[in-house]
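Residue numbers for the sequence shown, in the numbering used here: 1301 to 1505.
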Amino acid sequence: MHRPRSRSRFSLLVFAFSAASAFVLVSVVDPYSGATASPYFQPAGDRFGGASSQAVVVAGTYANTVSRDAYIVTEKPKPVPQPEPKPEESEDERGFTAPAAAIPDPGSAQAYAHGAVQGRGWGDDQYDCLVSLWNRESGWRVNAMNSSSGAYGIPQSLPGSKMASAGSDWETNAGTQIEWGLGYISGRYGTPCGAWAHSEDVGWY
């Protein structure tokens, strides 16, 4: 009667040992076999920054198809080039020409002005405009004075003392007055023909 009990006990021990061995073997061979079903499962390689636990290689060819909305490109029309004005002309002076001036007498105020105009890189057309302009303003007289406004000298500076910036002899020296007058014209009108065009329009510059 004692032998059957020892056989069943022995069989139970063998079964328990086999089951434990199988569990240990499965854990050693594939430690993640029971964890892959968990939503929190992450192989150690991914968790610690190592290589991925699996690599999948797909052989063959494939193509990506990308669709976009259709659009139309309209080329911007090219601007039509416009002729550039001559460097010595301004917008205000186009269409305003002065009669040709006579050759200035040597040593005269106009002779000095002719050289000063050329020294600024302006042509004879600018000298013609200057002669016409200052003929109208002062008749090229050094001591010309406008009794109503007080403008003085060849360029009719208002007041005349402004010309002191060109020289202390502004009241009597034609060269000083001309240098100041050309500086004024250059700064305000660009060229003598620009000043002449303004004078033709409104009667003063």
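Here a beta-carbon is modelled for each residue, glycine too, at the ideal position from N, C-alpha and C.
- CA-to-CA, the gap between residue 1452 and residue 1478 works out to about 12 Å.
- Boundaries of the alpha helix (DSSP H) harbouring residue 1431: 1424–1437, taken from the DSSP string.
- If you check the CB distance, residue 1485 and residue 1497 do not come in under 8 Å.
- If the five residues before and after residue 1449 are omitted, its C-beta is found closer than 7 Å to the C-beta atoms of 1458, all from its own chain and listed in chain order.
- The same chain holds no residue with a CB closer than 7 Å to that of residue 1407 once the five nearest residues on each side in sequence are set aside.
- For residue 1502, the enclosing alpha helix (DSSP H) starts and ends at 1492–1502.
- Rounded to whole angstroms, the separation of the alpha carbons of residue 1428 and residue 1398 is 6 Å.
- Considering only 1475, 1425, 1431 and 1426, the residue with the shortest C-alpha distance to residue 1443 is 1475.
- Residue 1432 sits buried, since 16 or more C-beta atoms from the chains shown fall within 10 Å of its C-beta.
- For residue 1452, the three-state secondary structure derived from DSSP is strand.
- Excluding the 5 residues flanking it on each side, residue 1438 has same chain C-beta neighbours closer than 8 Å at 1444, 1453, 1454, 1455 and 1456, in chain order.
- The C-beta of residue 1460 has 16 or more other C-beta atoms within 10 Å across all chains shown, which makes the residue buried.
- The secondary-structure analysis by DSSP pairs residue 1445 across a beta bridge with 1452.
- Within the same chain, Cβ atoms closer than 6 Å to the Cβ of residue 1480 are found at 1463 and 1466, the five residues on either side in sequence being excluded.
- Under the three-state reduction of DSSP, residue 1408 is assigned to coil, being neither helix nor strand.
- For residue 1465, no pairing in a beta bridge is given by DSSP.
- By the CB criterion at 8 Å, residue 1492 and residue 1426 fall inside the cutoff.
- Remark: C-beta atoms of residue 1409 and residue 1440 approach each other more closely than 8 Å.
- Within a 10 Å sphere around the beta-carbon of residue 1499 sit 16 or more other beta-carbons, which makes this residue buried.
- Within a 10 Å sphere around the beta-carbon of residue 1470 sit 16 or more other beta-carbons, which makes this residue buried.
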